[in-house]
């Protein structure tokens with residue numbers, strides 16, 4: 077980045093001396109945010125006013141490295157607490173406008189010394205504000221995506237409950253929709269659990285699945301083949317007519333080692349007999 081603009085040190089001093097004035101103007105500019113300041117502080121321990129002062133100092137100093145680091149930290153904080161992004165956008169644009177008001181006042185005080193260097197100054201100030209915004213939104217989006225993915229993986233793992241009913245038999249009841257992502261979770265968890273728990277018979281109850289896409293059926297059949305390779309017999313219960321019809325039309329069927337029963341109760345009656 078270019079060197080800080082001429083007289084940046086004096087402008088910084090002027091800003092420090094007029095910090096309260098800056099804050100007052102900022103709050104009058106950020107109409108929708110000012111009433112949310114205490115709420116945001118409570119929710120995410122984010123002090124908007126103090127952070128605004130910090131951002132302005134980074135901008136005046138031309139400290140791009142610290143500015144970007146600060147923006148990344150802010151992005152993570154706002155994503156973590158799911159705070160409305162419209163407030164952040166309004167707040168930063170209000171900081172931009174307020175900073176220019178302070179610069180205008182400073183310029184009047186020093187007999188308009190900034191005028192000759194205005195275009196350089198305008199480029200520096202606005203570029204840094206835009207850099208903060210861009211870095212913030214990228215950080216927010218990236219971290220938010222990772223939170224969503226982690227939450228989804230947690231939910232999907234919880235929705236693949238393998239329940240042991242004795243030392244060699246376990247039940248896997250599937251409920252709700254099954255997509256490609258969930259079948260990947262199924263594959264990993266089933267094969268891992270068979271290896272750890274030495275499951276000899278896995279009762280997979282599909283009565284809670286109304287329908288499955290073609291790719292999901294293909295993947296499920298491969299998972300069942302995988303259980304067979306590990307010495308585990310799979311028992312399928314509760315297949316819905318819609319799923320069966322789709323398998324027939326696709327020409328799919330279970331291999332000879334896979335047993336099918338109409339209901340989970342039938343399987344329990346058979347495999348709970350010691």
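Residue numbers (our numbering): 77 to 350. Ideal Cβ placement from N, Cα and C applies to all residues, glycine included. Predicted model only: the values in this text are computed from it and were never measured.
Terminal residues of the alpha helix (DSSP H) in which residue i lies
i: residue 104; result: 95-105
i: residue 281; result: Per DSSP, residue 281 belongs to no alpha helix (DSSP H); it is in the beta strand (DSSP E), 277-284.
i: residue 260; result: 256-273
i: residue 298; result: 290-305
i: residue 151; result: 140-156
i: residue 162; result: 161-185
For residue i, the residue or residues it bridges with in DSSP
i: residue 251; result: 284
i: residue 57; result: The question about residue 57 has no answer, for the chain in this structure spans 77 to 350.
i: residue 239; result: 247
Nearest-angstrom Cα separation, counted from residue j out to residue i
i: residue 341; j: residue 335; result: 14 Å
i: residue 101; j: residue 180; result: 13 Å
i: residue 119; j: residue 320; result: 50 Å
i: residue 78; j: residue 216; result: With a pLDDT of only 46 at residue 78, under the threshold of 50, the placement of this residue in the model should not be trusted; the figure read from the coordinates follows. In a straight line, the C-alpha of residue 78 is about 27 Å away from that of residue 216.
i: residue 114; j: residue 163; result: 13 Å
i: residue 221; j: residue 239; result: 31 Å
i: residue 218; j: residue 327; result: 42 Å
i: residue 167; j: residue 291; result: 47 Å
i: residue 98; j: residue 91; result: 8 Å
i: residue 280; j: residue 315; result: 10 Å
i: residue 207; j: residue 144; result: 7 Å
Backbone secondary structure at residue i - three-state DSSP
i: residue 246; result: strand
i: residue 113; result: helix
i: residue 223; result: helix
For this session: May I ask you to verify whether the stretch 267-281 touches the stretch 245-257, counting CB pairs closer than 8 Å and requiring at least 3?
Result: yes
Exercise. Does the stretch 137-150 come close enough to the stretch 104-113 to have 3 or more Cβ pairs within less than 8 Å?
Worked result: no
Problem set entry | Meets three-Cβ-pair contact criterion under 8 Å: the stretch 264-271 and the stretch 287-295 | no
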